[in-house]
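For the first sequence, the working numbering assigns the number 472 to the initial residue and increments by one for each residue that follows. For each residue, glycine too, the CB sits at the ideal point set by N, CA and C. Reviewing the structure listed below.
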Amino acid sequence: MTCPRVARALVSRVLVYSSLSDEIERQMKEKLAKSIEKALEALKAAGELGDADIPEVQLAIPKQAEHGDYACNIAMMLAKKAGKNPRELAGRIVETLGDGGGLIERTEIAGPGFLNFFLKSEGLFDVVKTIATQGEAFGRSDAGAGKRVMVEFVSANPTGPLHVGHGRGAVIGDVLANLLAAAGYAVHREYYINDAGVQMNNLGRSTYLRYRQLIEGTSEPLPEGLYQGDYIVEYAKELRAGRGDGIGEDAIGELTVFTATKILDMIRADLDRLGIRFDEWFSEKTLHDGGQVREKLDGLRARDLAYEKDGALWFRTEQFGDDKDRVLVKSGGEKTYLAADVAYHANKIDRGFDELVDIWGADHHGYVARMKAAIQALGKPPEMLTVMLIQMVNLVRGGERVSMSTRAGSFVTLRELVDEAGKDATRYFFLMRRYDSQLDFDVDLAKEKSNQNPVFYVQYMHARICSVFAKAAEEGVSIPDPTDVDFSLLTAPEEVQIAQQLAELPNVIERAARDREPHRLVTYIYDLASTFHPYYFQHRVITDDAALTAARLALYAAIRQVTQNVLALMGIDAPESM
RNA sequence: GCGCCAGUAGCUCAGCCGGAUAGAGCAACGGACUUCUAAUCCGUAGGUCGUAGGUUCAAGUCCUACCUGGCGCGCCA
């Protein structure tokens, strides 16, 4: 079985070598990397590197400012093969490199052999101009090269309201789709509606029985396996009000459609409230009705990928790495979900997508191997499909975990959570953690309008900047054109750090998209806010010094733009005042 | 029993292709509002990165085994 991590590794290997797309990266990092590469080639030509191959030059932004603007580990990687100790080799690289074509202020050799580059500061603030020019496009790239990727998410059965766990998958899927689009993929968002099969019959039967109960004036629980929820009673009432008491058992098929449509409307409304829309709602039923399921099963049989045993039809998933073969058609003649899913994924492939992302609850992980098998049986490499398994959500109230069972009493629906905590906090909290670790959702904290709530910390950054601009307008200070600004006046350590953080956005987006890790947006924007707030507190923007005021306003405009861009990707509002 | 995910400060978690002294928030303690918004800021304290080996110049990160927790192993969906 090919796990999602393997698939991700394969994808990343491709992208690492793709050219960095962002202008800032070209200007700064890549220029520096090229210079280093040149220096290494010169050293190799001079015979100083022995027979060592020159590896890809890696540049990292160090955690500590004393370690420079960029740090490079190349001397340590080459030392052994070059037959020199790392610090000596680093010294030779520095001598050969010089000022890297006017880019480098100075270079230090540190620790075991790191090269720490301090760049000339005017280059650092070029990003402010770039952001002003690109506006809301800043951070986007063409790393995805227009590849078509489908993100299928939520896909909850239309048998009841969405619960909190669905909400997490919904937000993660939505933001991942935003990220992929920003990274240059052509993204399609899809919701797969399981509107066929046994559960649908149960739904129609549940509605019918509730309807009968209304007529007979009873309200006892329905038989085992049917849907007990109050919403069914509401639909039954509606049905009776519109159609009277004459509906018979032969109309259950019709009631199924009626109820499923109602529930889907409810699901759609709940998602809409969270700011989530789909390009397509894909009906499972159309696959059955259109004969596609039948057709794909015949195809598998024809290629001996499926066989009859004990009156059932089995899929040879074991030969693609699954633990055992799986049933496609039960001996009673009913098709399993897998049968429909094979046809569905064949349909996705036929629609021409290059990559498929499925977002499921973690309790479905036993299903991954057989879907990977299906992809292979359909003639595609298993890496084409990435399955993201979203871990469980625990609601926390008053410091205690609230049971997530559907028992009455404890709140479980997504709608209630959004009503209580609001769209922004709900989205932020769902994005806060890696999708593959469990999430404790502190409801009290999410709805608290206080400094403890991280979503406000980030939004407040935006509001504060807007407030400064309002003040500037009030005092008749015009917003500067960044090309006329003297950025050499920005010498505070926070200003340098902010410029570097702003310049990182394209990388953050590209890597978060590549690795399918939307939570990195949260980490990024929170980090930016925790550089910004102390900076704001310490340095006044509007002062008598017109040149400095202009430089800081230009920087503020860039921070605001980046904040807007990131919050937009997260689907969270950027308020002008709070 | 087999498989997947997780295990990092008292609690909840970051840590991007393996890099320098492992970072935040909360909770605790002590400070800062006459200012462009205090929904903010400054400071103190807090660590055997589950355990044991291994690979490497370098391991929270990679490999192996084990321990603990969650989930999954059906002709269910």
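Going by Cα to Cα distance, which pick from the options is closest to residue i?
{"i": "G675", "options": "D522, K618 and I718", "result": "I718"}
{"i": "L595", "options": "T807, K505, H816 and K500", "result": "K500"}
{"i": "S949", "options": "K918, A1021 and T1014", "result": "A1021"}
{"i": "E945", "options": "L650, I1013, L693 and L849", "result": "I1013"}
{"i": "S626", "options": "Q968, L1019, Y815 and P989", "result": "Y815"}
{"i": "F753", "options": "G762, N672, G746 and Y662", "result": "Y662"}
{"i": "D952", "options": "A603, N556 and R558", "result": "A603"}
{"i": "Y679", "options": "A657, E705, G655 and A667", "result": "E705"}
{"i": "I969", "options": "P1005, I738 and D821", "result": "P1005"}
{"i": "K505", "options": "I545, A517 and G518", "result": "I545"}
{"i": "V956", "options": "Y702, M671, A1017 and S908", "result": "A1017"}
{"i": "G713", "options": "G700, F729, Q699 and E720", "result": "F729"}
{"i": "C543", "options": "D1044, A581, D716 and Q763", "result": "A581"}
{"i": "Q670", "options": "G696, D645 and I575", "result": "G696"}
{"i": "A641", "options": "V979, K918 and M859", "result": "M859"}
{"i": "E709", "options": "L735, R681, A984 and L693", "result": "R681"}
{"i": "N649", "options": "A536, F786 and P989", "result": "P989"}
{"i": "L633", "options": "R744, L771 and D769", "result": "R744"}
{"i": "A941", "options": "A1000, L961, Y1027 and M903", "result": "Y1027"}
{"i": "R774", "options": "L885, F786 and V764", "result": "F786"}
{"i": "Y838", "options": "K851, D812, M855 and L776", "result": "D812"}
Excluding the 5 residues preceding and the 5 following residue i in the sequence, name in chain order all residues of the same chain whose CB lies nearer than 7 angstroms to its CB.
{"i": "R639", "result": "I861, V864, F901 and L910"}
{"i": "Q847", "result": "F791 and P853"}
{"i": "R479", "result": "With a pLDDT of 27 at R479, under the threshold of 50, the modelled position of that residue is not reliable, and the figure given next carries that caveat. Cβ within range, chain order: T857, D986 and R987."}
{"i": "E789", "result": "K795 and D796"}
{"i": "D666", "result": "P629, A731, S754, E755 and K756"}
{"i": "E1047", "result": "A934 and C937"}
{"i": "L849", "result": "H816, A817 and I820"}
{"i": "L549", "result": "L520, A523 and L560"}
{"i": "A892", "result": "V914, A917 and K918"}
{"i": "R878", "result": "Per-residue confidence for R878 stands at a pLDDT of 40, beneath the threshold of 50, marking its modelled position as unreliable; the derived number appears in the next sentence. Taken in chain order, the list of residues that qualify is empty."}
Could you have a look at residue i and say whether DSSP puts it in helix, strand or coil?
{"i": "A963", "result": "coil"}
{"i": "S626", "result": "coil"}
{"i": "M737", "result": "helix"}
{"i": "D829", "result": "strand"}
{"i": "E695", "result": "coil"}
{"i": "Y541", "result": "strand"}
{"i": "T857", "result": "strand"}
{"i": "M1049", "result": "coil"}
{"i": "I723", "result": "helix"}
{"i": "Y488", "result": "Unreliable positioning characterises Y488 in this predicted model, as indicated by a pLDDT of 25, which lies under 50. The coordinate reading is nonetheless provided below. Coil at Y488, not helix or strand."}
{"i": "I575", "result": "strand"}
{"i": "L745", "result": "coil"}
{"i": "L849", "result": "coil"}
{"i": "A614", "result": "coil"}
{"i": "L1038", "result": "helix"}
{"i": "L520", "result": "coil"}
{"i": "S677", "result": "helix"}
{"i": "D570", "result": "coil"}
Who are residue i's beta bridge partners in DSSP?
{"i": "S754", "result": "I664"}
{"i": "I580", "result": "L586"}
{"i": "T884", "result": "H634"}
{"i": "V864", "result": "L910"}
{"i": "C937", "result": "In the DSSP output, where bridge partners are listed per residue, C937 has none listed."}
{"i": "K780", "result": "A783"}
{"i": "K806", "result": "V800"}
{"i": "E871", "result": "R868"}
{"i": "I686", "result": "Paired residues: none, contrary to the question."}
{"i": "A707", "result": "Answer by DSSP bridge pairing: none, since A707 is not bridged."}
{"i": "V658", "result": "V620"}
{"i": "L503", "result": "In the DSSP output, where bridge partners are listed per residue, L503 has none listed."}
{"i": "L530", "result": "C543"}
Below 6 angstroms CB to CB, which residues in the same chain sit around residue i once its five sequence neighbours on both sides are set aside?
{"i": "F912", "result": "V864, L866 and F900"}
{"i": "V487", "result": "At V487 the pLDDT is 26, less than 50, meaning the model places this residue with poor confidence; the figure from the coordinates comes in the next sentence. Same-chain partners within the cutoff: there are none."}
{"i": "L511", "result": "I525"}
{"i": "G584", "result": "A546, M547, P557, R558 and A561"}
Kindly list the residues whose CB is nearer than 8 angstroms to the CB of residue i, restricted to its own chain and excluding five residues on each side of it in sequence; keep chain order.
{"i": "F927", "result": "K920, S921 and M1049"}
{"i": "E607", "result": "Q1032, Q1035, N1036 and A1039"}
{"i": "S492", "result": "In this predicted model, S492 has a pLDDT of only 33, less than 50, meaning its place in the structure is not dependable; the value taken from the coordinates is given anyway. Around S492: S612, D613, A614, G655, P977 and E981."}
{"i": "F824", "result": "R619, V620, M621 and H659"}
{"i": "T807", "result": "R797, V798, L799, V800 and K801"}
{"i": "R683", "result": "none"}
Discussion item. Report the start-end ranges of each beta strand (DSSP E) in the segment 959 to 1036 that is 3 residues or longer and not cut off at the edges.
Written reply: none
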